[in-house]
Each structure stands twice: as structure tokens, then as C-alpha cells.
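All letters in the sequence shown, in the order written, are residues 1324 to 1729 by my numbering. Report on the following structure.
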Amino acid sequence: MINQHFLSMLNNKSVIRELSEYATARGKEIGYENVFDFSLGNPSVPAPQSFTDAAVRLLETEDPVRLHGYSPSLGLPDVKKTVAESLSRRFGVPYTAGLIFPTSGCAGAIAHAVRAVSKAGDEIMIFAPFFPEYIPYINDTGAKARIIPAHVPDFQINLDALEQYLEQVKIEGQEAMDRVAAVLINSPNNPSGIVYTEETLRKLAQILTRKSEEFGHTIFLISDEPYREIVFDGKTVPYPAKYYAHTLTCYSFSKSLSVPGERIGYVAVNPACECAEYLVPMMGQISRGIGHNCPSSLIQLAMAESVDDTADLNVYETNMNLLYDTFKDLGFEVQRPGGTFYIMPKALEDDAAAFCKKALQYDLVFVPCEGFHAPGYFRVAYCQDTEKVRRALPVIRKFAAEVYGR
């Protein structure tokens, strides 16, 4: 008999993908240039020349048997060393090569991190709003995602709700406390674009430290950081591993190098983390069970030569400002993003799905955020040419005026 769990998932497809498919089909009818598709977070700028040059040079000059051979199960040693040195230099955390585990993007990184610090029946806490795929990422390991509600309207971590939940767990007794394995955070955040402040991260670290002592075991922090380099107003993103020792950092070069199809990322284990020396070797064993077997050797090597480079990410800030100013002018409730290529306004009616359905009549493709656990809001992914964003602005104004009298 086929697996009924995965069969049932066919009836619960990603709303993001469904809307992206709708936009593609609509584009075939009227021309995709006339569809204002803000559904899918697919980078819209080319990879930096350094990455392309490295890949071409490797293909032209390296021994093909070596270049295309199997990578070691824990990743190429020189690549791991390069990543560790880059992180240590940038963030002041003394990583070594043995603490870096190359993965197939952030999804692969989270898959390994969750399995390394939890077992079936354990809980991983996540904070709304969050990327909907966190639910299968966690639940399909046998652990359980525990959702902490959003802190509205600023969408920082809801620290009060976290403490209240952990206090309730403590009342339930040691068995319940033992199930609390980790928390998973995402900053800059998809879908809100919010960057968690240093104050938020310090307070989170204090809570996790205190509760780890009370519960009698370490509560790990898994930090999902694919948008780390897309940050606005000349600011930097606070690095969570600097504030909490027991942190597993999950990273992808999909956004920074604009190479999502190459599926390259890593887990970086804080050297001060409990059992740090065992976690990366454990991930090699986890790979045996999930068929991961490391990213391609070519892409690891090309990434290593571009590890501190980025694509030209300035277009995202330009697009954000255009959309933010327009939404504010129309009276939408919206927080100004600190990074990513997403903005999350509140819909002009309580039902965001209904709002987004009405927007489709204007060929505006927005994503309702019920699945992100931010009901009443919608996500706008502005990773596209600025020219098209500019053309969308009068259409947004027309939609808001004709349907909602704005």
C-alpha cells in the first residue's frame, strides 16, 4: 500500500505554488508582462560574475574525474574551512571546518538540524509568522511543531507568549519538559521582512538559558538565515549565534548569490554548543536515512570562491520602498521591512484570502498569509524588475480605489 500520509498531502498543496502556477497560466493568456505576479520568492537578479567565472574555470581546468567525483559525506574539507573562516571573520564566532556541514540549501540544513537535536515526540517551537514549509520540515521527522502566536503589530518574537507556554510546560511536569527540544527562528523573516533586533535575540537567549536550567537539558536554537545579506537602510542583521551558545545556523546561498537552483547551503554549529564536536558527524549519519549525500562538488567549490560576494541586491530595497510608500499612502497597515524581498500588509478586509481573490481580477497576484499564521495579512514578493513594480503601482491604486474606496 502506498504511503497515505504523503498521499493526503496532495490535497494540501502550497498556496504560494498554486498562485504562481495560476500567474504562469494567466500570463499565457494575456502576456506575462501584464500579470503582476508577487507570489513566489524567486531571486530576480543574476549571480555575481565571480560565481560564474569560478564555475567556468573549474569546468575548463580541473581534472573532471576529481571535479565530478563523490564529495565526502561531510563536505569538501577546503570548502568547509573557507566557510568557517568567513563566518569567524564576519561575526566573531570561532568556527572551524569540522563545525560546518554543507547541505542542499536551507531546506536541507533545517532537515539535518532538526533531526540532530530532536527525536520523535519532541517539540520544536516556531514563531508566527513563519514559512509554511516549517510544518512538514518538523512534523515529518516525528517531532511536532509548536506554534507561538505572532507579536502584532511589530512581528518581533512574542517573548511573553513563549514564556507563558514554557511555564505551562513546567507545570505539566518533567515528561512535558523533556519534550521541549528546540526553537526555530527566521530573521530577516519570511513573510514579514522584519529583522529581529539585538534586544529581541538577547532576551530570547536569556529565556532559553533559564529554561534549559529549569528543564534539566539544553534547548537548542535553530536559526534559519537565507535572507541574511538582504538588509536595508545600511544596517546589518544581528547574528543569533553570538547571543546563544547552543545555536545551529542554517544558511543558503540561494538569495545572496542568487543561485536558488544550485541548492547550496550549510549548517554551522556554534563551537560553544553542547556536543558541538559530534553534531556534524551525526548529520553525516542523518544523511544516510534521508538520502542527502551532500551537494555537488562543483557547486561547493564555486561557492567557496564567492563566499563573501553577493549578487547586486540593491534592487530589492528600491522595490520595497516603492511598494511600502504606496501601501502606506493608501492607508494599509504595514510594517516597513528591514530585509528580505517580502512585505506583509494587512488586507483591507478581515478575510485576506477573499482580498487576494479580488486582487486577481486586476491581475495582481498576492499571497494570503493564513498559511503563514498571520491571518488578515497578505505577502507581496517583490523580487522582480523595478520597471514591472512601477507599472504595478497604479494597478494597486486602482484596485484599492474601485474595490475598497481608498
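Beta carbons: idealized from backbone N, C-alpha and C, even for Gly. Computed from a predicted structure; not experimentally measured.
Check, Outcome
"Cβ pair Leu1410, Val1402 closer than 8 Å", "no"
"Residues sharing a beta bridge with Lys1467, DSSP", "Glu1446"
"Other residues of its chain near Val1718: CB distance less than 8 Å, five sequence neighbours each side excluded", "Phe1359, Tyr1685, Asp1686 and Leu1687"
"Cut-off 6 Å between Cβ atoms - residues of its own chain near Ser1510, not counting five sequence neighbours on either side", "Val1518 and Tyr1519"
"Sub-8 Å separation of Ala1378 and Lys1404 beta-carbons", "no"
"Collapsed DSSP secondary structure at Ile1517 in the structure displayed", "coil"
"Beta-bridge pairing of Pro1570 - partner residues as DSSP gives them", "Reading off the sequence, residue 1570 comes out as Thr, not Pro. BP columns for Thr1570 point to Leu1544."
"Nearest-angstrom Cβ-Cβ length linking Leu1508 and Leu1544, presumed shorter than 8 Å", "For clarity, residue 1508 is Ile in the given sequence; the question names Leu instead. Confirmed, about 7 Å."
"Continuous alpha helix (DSSP H) stretch holding Ala1676: start and end", "Ala1675 to Leu1683"
"Same chain, Cβ closer than 7 Å to Thr1625, five either side skipped, listed in chain order", "Looking at the sequence provided, one finds Ala at residue 1625 rather than Thr. Phe1374, Ala1377, Ala1378 and Leu1381, listed in sequence order."
"Rounded C-alpha distance that separates Gln1487 from Asp1547", "24 Å"
"Helix, strand or coil at Leu1580 according to DSSP, with G and I counted as helix", "coil"
"Selected residue, minimal CA-CA separation from Val1590, among Lys1578, Val1560, Val1582 and Pro1549", "Pro1549"
"Anticipated Cβ contact below 8 Å, Ala1670 with Phe1650, distance rounded", "At roughly 11 Å, the Cβ-Cβ gap does not stay under 8 Å, so Ala1670 and Phe1650 are not in contact."
"Ile1339 in three-state terms, based on DSSP", "helix"
"Residue(s) in a DSSP beta bridge with Asn1509", "Asp1547"
"Given 8 Å, three or more beta-carbon pairs between the region 1420–1436 and the region 1627–1646", "no"
"DSSP three-state assignment for Val1688, whether helix, strand or coil", "strand"
"Limits of the beta strand (DSSP E) - the one that Ile1423 falls within", "Ile1423 to Thr1426"
"Rounded Cβ spacing between Leu1580 and Pro1452 (contact assumed at less than 8 Å)", "Not quite, the Cβ-Cβ distance comes to about 26 Å (not below 8 Å), so this is no contact."
"Residue range of the beta strand (DSSP E) that includes Phe1701", "Phe1701 to Ala1704"
"At least 3 beta-carbon pairs within less than 8 Å: the region 1382–1399 vs the region 1607–1624", "yes"
"Contact test: Ser1610 Cβ vs the ligand PLP heavy atom, cutoff 7 Å", "Ligands are entirely absent from the displayed structure, and the ligand PLP is therefore not among its contents."
"Helix, strand or coil at Ile1666 according to DSSP, with G and I counted as helix", "strand"
"Ranges of the alpha helix (DSSP H) found wholly within the region 1602–1639, counting only runs of at least 4", "1620–1628"
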